[in-house]
Structure formats: structure tokens, C-alpha cells
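Accompanying notes for the structure given below.
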Amino acid sequence: MLGSRITTINGDSLEEVLARTAAIQASENLYDRYANLCKSMPTEHFLRQLFPEMKDNLHLSLLTPDGKSRGLTLPLLSRQEVQNTPMQHNNSWKAYTDKQLTYQFVDNDKQIMLININSIMARDNFEYMQKQGLKDLYRQIGFYYRDILKQDMPADTLQAIRQLPSLSEVFAHMLKEMKKEASSTLIIDLRNNSGGWTPIVLPTLYQLFGDHFLQTDMDIKFYRIISPLYMQKLQTNLQDFNQTYGTDYTYGDYTFSTDEADTTNIEQRRADFIENCMSSAPEELRKQQGKALYTPEHIYVITNERTFSAAFHYTFYLWKMGATLVGIPSGQAPNTYMEQTLFRLPYTGMQGSISNSIQICFPGKDRCAHTLYPDLMPTYQDYQRYNFDVQTEILYLLDKIKSAPHSHTNPAGKNQK
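The sequence shown runs 0 to 416 under numbering that gives the first Met the number 0.
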């Protein structure tokens, strides 16, 4: 069954099922619908929402890699039955280490460096949260240890923060190794990265490009609503917020901002950036004095449908700086609602979250307004060629690099066709 494509589920076409999935779970584009369907299908609650008339099994119509039609009926199992069922896992390229913030040369000549980033969280943002006294620190660091690092969190929160690697420091060490070997290619793997704290990636862009990054217009527009919930998130009040920023907002007002290059003196711009950036290694950034630590000739970013939020921002920024995107499009739309603001219902105590802003990365009618299409997208035949290996996107890219490096020279205009 490996590599078989689903054509119908319980007699309904995949298109119908995806449309119903989007009605049950918010989905930003087609790839997000697929992600939500794959993630939720193993749960009976979701299946009964999807197929109200369903009995006690699920029937799939499949098209096998050799073009044959097959039927597969799957019974609903109890949790205990699932635990007692032997699991089979797809092949996965053994040379790849998928641990958080692990980097390695993947060729004997040390020309191709690959770094895996599973989450846009590291010591940098947790130190910031601790210094600011943010209430969500314990929950977020607990999630990071449990879900990203898959290890027990130390009982001492400060120790738990101190023993974590810093994204800025890891990235600097990696670039110095690349510089030593005069490596030509950097691959940044952001697959299955659901996000975190966007500010901690900005120092890595400065490490890669120096002042060129600070002077590049990212051309992203942000619109944010001023609300009591937003003030609560910032742990301030409207009066103090207005006093801090020299504004006179009232609740219900919108802020308008554009993420663009500052036109002020570059020395001042650089000093302000380093002073205010979210990094555990500001002194190392100052030592660069506007120069890049190292800029490889080719930079590739691998994404998939679960590359989201801050990981999407990192993808977009790197693309704007000239990186080549590879893999499956992100399930996040470039033009979309952003930022998580938590709330609690006063009577039931139930918690939820709501977006307090919207970002616009492309003109509304641009083909990438809702889906950022990679420059290199593997086809079904490509996955088949690599025997549906979990790391197919990397294997596919490495073969592309061997044949001819790919890059784009005008990222801002390439999707206007």
C-alpha cells in the first residue's frame, strides 16, 4: 500500500472530504486542508463529524503506484487495541539527524551544510520571557521540552532555560564551520515546524547577510487592532501603552505598519537592531560590525504543509533575501490573520485564542497571496523514485544540487506572471 493515493473515503471524493474538513477546522489553503485531514483522521470524534452516517469502519478507495485500484476497509479501534497493534514506519534516510538545531555536512567535500530547525524557540526567547516576567513562560517552555526536545524538563525553570541552546549561537558556530571549509551551500529544513517566536530568527539573517539584511525591504504590511485583550497580552493598559509609544489610540483603533528597510543612518540602524533584538549573543552580533559572518553562494529552505507561523515568516524572509524554496507549500497563507491572543470566558472558564492582527505579503490577486509555492516542488513520481522516503524532499534537493544549483534573482517579482 506504500505510496497509494486515496481517491474516495466512504464513497465521497477526496475533494468533497477536504471541503468538509475546511468547514470543521479552519484551513488557510489547500495544503492546510490536507494537513488538518491527515492530523485528525485517526480520531473517531473527527471522523463522525466528517461522516455522520458512518458505522464502525472506514472504507478507502486507493490507486496504487502501479496504477491498480484497491479497496481498504479499516475498523475503528479502541485506544487499547491501537496500543497493541504493531506499527510500521516509512523508510527514512539514515544519514539525516532530525533533532532540534542539529547541523551537519551531508557530503564528503563539506560543501553542503544542512541544519534542522523543528521549532522557532530556543534559549533566546525564553530568556526574554523570563526577563519580561511573561506569564506564559512555564507553559511554553514545558511544551518545548515535551513536544520539541522530547525530554523531561528540569524542575528549576532557570536551569531549564540555561541548559538550552541559543539559536544565535548555534547558527554562528555553523556559519563559522562553513566559512572554514568555504562551503557553497546551506540547506535550512523547516518541515513540520509550527512556529514560535519570529524575532529570534532576525539575528540569524543578520549573521547571514550583515547590513544587507537591515537595508532590505521585506514589504510586509501589518494591521493590528487595539483591544483590551491585546493590552492584557502585553501586560499593560491603554494609557501606559499610549504614553510609551507617543500615541493616542482608543479601543477599536487599528495600527498600520510596514516591515520595510529603515532609511536612517546604517550605523544607528545596526546599533538599534542589536540593542533590541531577541538574541542570547548580542556581543557576538556587535563584533560583526555590519559584515556577514558568512554568506553561502546557495541557500535552500525546505518547507511542507506544516511549516507555519514564525517558521513561515522565516521562510518568507529568507526567500526575500534570495533563498530558493523547496518542497511542499506551507499550509499558512501569506495574506492571513496572525498573532495568538489568549482569552478566558468569564462564566465557563474555557480558554481559547483569537488573532489580533493581519499580515499582507502579496497583492490580493497574486498567485502566492494564499499559497507560497516553492521554486522546486517534488512530484508524485519524485516521491515514488525515492521509495516514499520520509526525507524525500532532502534527497530530491541533493540530486538537484548535484545536477545544477537553483536560485532565483528577483524574488519580489517572480510571482507576478
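Glycine included, each C-beta is placed from N, C-alpha and C at the ideal position.
Note down, in chain order, each residue of its chain lying with its Cβ closer than 6 Å to the Cβ of A310, except the 5 sequence neighbours on either side. These residues qualify, in order along the chain: I119, L189, N192, G194.
Below 8 Å, can you find three or more Cβ-Cβ pairs linking the segment 328-345 to the segment 290-297? Segments in contact, no.
**Message:** Quick check on the DSSP output: what are the complete beta strand (DSSP E) runs of length 3 or more inside the segment 85-167, in order along the chain?
**Reply:** Within the segment 85-167, complete beta strand (DSSP E) segments of at least 3 residues are found at 101-104, 111-115, given in chain order.
Legend entry - beta strand (DSSP E) segment containing S39, residue limits: No beta strand (DSSP E) holds S39; the alpha helix (DSSP H) holding it covers 29-39.
Which of the three DSSP states, helix, strand or coil, is assigned to S12? Secondary structure of S12 (DSSP, three-state): strand.
Discussion item. If you measure between the beta carbons of D388 and L396, is that distance less than 8 Å?
Written reply: No, Cβ-Cβ distance for D388 and L396 is not below 8 Å.
_Host beta strand (DSSP E) of S356 (start-end)_ = Where S356 is concerned, the enclosing beta strand (DSSP E) stretches over 350-359.
Q. Should K401 go down as buried or exposed, given a rule of 16 or more other Cβ atoms within 10 Å for buried?
A. Result: exposed.
For T340, tell me which candidate among S356, G348, S308 has the shortest Cα-Cα distance.
Its Cα nearest to that of T340, the residue S356 stands out among S356, G348, S308.
> Between I224 and K149, what straight-line distance do the alpha-carbon atoms span, to the nearest angstrom?
Replying inline: A direct Cα-to-Cα measurement between I224 and K149 gives close to 36 Å.
How is P74 classed by DSSP in three states: helix, strand or coil?
P74 falls in the strand class under three-state DSSP.
Option in A18, T249, K38, S39 with minimal Cα separation from L29
Proximity to L29 across A18, T249, K38, S39 peaks at A18, based on C-alpha coordinates.
Discussion item. Check this for me: beta carbons of I23 and L13, under 8 Å apart or not?
Written reply: The beta carbons of I23 and L13 sit no closer together than 8 Å.
TODO: Return the residue from the list M230, P41, K364 that minimises the CA-CA distance to S77.
DONE: When each option's Cα is compared against that of S77, the closest is P41.
Q. Does the separation of the CB atoms of F125 and L100 fall below 8 Å?
A. In terms of Cβ geometry, F125 and L100 do not form a close pair [threshold 8 Å].
Q | CB-CB length for A171 against Q206, believed under 8 Å | A | Going by Cβ atoms, the distance from A171 to Q206 rounds to 6 Å, so yes, they are a contact pair.
### Message
I need the DSSP call for R269, collapsed to helix, strand or coil.
### Response
Three-state result, R269: helix.
> According to the neighbour-count rule (16 or more other Cβ atoms, all chains shown, within 10 Å of its Cβ), is P74 buried or exposed?
Replying inline: For P74, the number of other beta carbons within 10 angstroms of its own is below 16, and it is reported as exposed.
### Message
Please identify the residue among H44, K38, R32, I187 whose C-alpha is closest to the C-alpha of E392.
### Response
Of the candidates H44, K38, R32, I187, the residue whose Cα lies closest to the Cα of E392 is I187.
**Report entry** alpha helix (DSSP H) segments (min. 4 residues) lying fully within the segment 300-330
**Finding:** Within the segment 300-330, the runs of alpha helix (DSSP H) at least 4 residues long that lie entirely inside it are, in chain order, 309-319.
Next item on the list: Could you tell me whether the segment 98-112 touches the segment 135-142, where touching means 3 or more Cβ pairs closer than 8 Å?
Entry: A contact is defined here as three or more CB-CB pairs under 8 Å, and the segment 98-112 fails this definition with respect to the segment 135-142.
query = Hey, is the segment 360-375 in contact with the segment 319-326, meaning 3+ C-beta pairs nearer than 8 Å?
reply = Contact between the segment 360-375 and the segment 319-326 is present: three or more C-beta pairs spanning the two stretches fall below 8 Å.
**Prompt:** Taking Cβ positions, are L49 and L174 nearer each other than 8 Å?
**Reply:** No, these two residues do not count as a Cβ contact at 8 Å.
key: Same chain, Cβ closer than 8 Å to A270, neighbours up to 5 away in sequence not counted   = Excluding its 5 nearest sequence neighbours in each direction, A270 has no C-beta neighbour in its own chain below 8 Å.
- What is the DSSP secondary structure of N56, reduced to helix, strand or coil? Under the three-state reduction of DSSP output, N56 falls in the strand class.
Runs of alpha helix (DSSP H) wholly within the segment 219-257 (minimum 4 residues, chain order) | List check, alpha helix (DSSP H) in window: 227-233, 237-244.
**OP:** Locate the beta strand (DSSP E) running through I199, then write down its first and last residues.
**Re:** Segment: none, I199 is in no beta strand (DSSP E) and carries neither H nor E.
With three or more C-beta pairs closer than 8 Å as the rule, is the segment 341-360 touching the segment 224-240? In short, these stretches touch, since the Cβ pair count reaches three.
Proximal residues to A411 (C-beta, below 8 Å), its chain only, five neighbours per side dropped
Because A411 sits at a pLDDT of 37, beneath the cut-off of 50, its placement in the model cannot be relied upon, and the following sentence gives the value as read from the coordinates. Around A411: D218, K319.
Original post:
Under the three-state reduction of DSSP, which class applies to T20: helix, strand or coil?
Top reply: In the structure shown, T20 sits in a helix (DSSP, three-state: H, G or I).
Taking DSSP as the reference, what is the three-state secondary structure of H369? Secondary structure at H369: coil, using DSSP grouped into helix, strand and coil.
Quick check on DSSP: helix, strand or coil for L174? L174: helix per DSSP, three-state reduction.
task = Round the Cβ separation of P202 and C276 to the nearest angstrom and send it over; I've been treating them as touching at under 8 Å.
result = With 8 Å as the limit, P202 and C276 qualify as a contact, their Cβ atoms being about 5 Å apart.
Pair within 8 Å by beta-carbon distance, A94 and R305
No. Outside cutoff.
Pick helix, strand or coil for S402, following the three-state DSSP scheme. Three-state DSSP puts S402 in a helix.
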